[in-house]
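This report refers to the structure that appears directly beneath it.
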Amino acid sequence: MKSREQVSAKPASRLIDERILDLGGWRGETLARMRALVLEADPGMTEEWKWNHPVWSHHGIVCTGEAYTKVVKLTFARGASIPDPSGLFNSSLEGNTRRAIDLHEGEQVDARAFQALVKAAVARNGPPAKKR
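The opening residue of the sequence shown carries number 6 in the working numbering; numbering runs sequentially from there.
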């Protein structure tokens, strides 16, 4: 017999759709646009729902999408170890692991540069470890 959580569990993609609709306005539009860029950048990307936020993974977490009152934040789990020649990372710069892009109302991101970061993050994650 399935537990209540298993019966009522929604796919991550549906939860992300709902989050975008709930946000509405510029935050919903921004999160939707960034989601589309992430998924377009890597056909093997998986959508997950963790920590009450969208998470995009490919052989490990690539980035999360968080929406706050004044910013939509894309946090790259291993961003400190990937090149950012376009200088998109503008937040969480002090740590040794993560890096983030904060987008405020009216701001746009260079789609090609962003997708290059996504591809670099996927490459940094590498293939899954082989079992011995």
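From the three backbone atoms N, C-alpha and C, an ideal C-beta is built for every residue, glycine too.
Helix, strand or coil for T80, going by three-state DSSP, please let me know.
In the sequence shown, counting from the first residue as 1, residue 80 sits at position 75. In this structure, T80 counts as strand in the three-state DSSP scheme.
Quick check on DSSP: helix, strand or coil for K124?
Within the sequence shown, residue 124 is the residue found at index 119, counting from 1. Correct three-state label for K124: helix.
Roughly how far, in whole angstroms, is the beta-carbon of L44 from the beta-carbon of A116, given that I think they are within contact range, below 8 Å?
The residue given as residue 44 occupies position 39 in the sequence shown. The residue given as residue 116 occupies position 111 in the sequence shown. That belief does not hold up - the Cβ atoms of L44 and A116 are roughly 13 Å apart, past 8 Å.
Which residue's Cα is closest to the Cα of A82: T102, V76, F94?
The count along the sequence shown starts at 1 and reaches residue 82 at position 77. When each option's Cα is compared against that of A82, the closest is T102.
D47 and V123 - do their beta-carbons sit closer together than 8 Å?
Within the sequence shown, numbered from 1, the residue matching residue 123 stands at position 118. Within the sequence shown, numbered from 1, the residue matching residue 47 stands at position 42. Yes, they are a contact pair.
Closest by CA to S91, which one among I106, S97, V77?
On the sequence shown, position 86 is the one that residue 91 refers to. Nearest of I106, S97, V77 to S91, Cα basis: I106.
So what's S13 in DSSP terms, helix, strand or just coil?
Here residue 13 refers to the residue found at position 8 of the sequence shown. The predicted model places S13 with a pLDDT of 45, which falls under 50 and marks its position as unreliable; any figure quoted below should be read in that light. If DSSP states are grouped into helix, strand and coil, S13 belongs with the helices.
Would you report the Cα separation of N130 and I66, rounded to the nearest angstrom?
Residue mapping note: residue 130 aligns to position 125 of the sequence shown, counting from 1. Residue mapping note: residue 66 aligns to position 61 of the sequence shown, counting from 1. Spanning the two alpha carbons is a distance of roughly 8 Å.
From the DSSP output, which residues share a beta bridge with V60?
What you label residue 60 is simply residue 55 of the sequence shown in a count that begins at 1. V60 pairs with E53, T69.
Quick check on DSSP: helix, strand or coil for R19?
Taking the sequence shown and counting its residues from 1, one reaches residue 19 at position 14. Reduced to three states, the DSSP call for R19 is helix.
Given A160, which residues of its chain have a CB within under 8 Å of its CB, disregarding the five upstream and five downstream residues?
The requested residue 160 is not part of the displayed model; the chain covers only 6 to 137.
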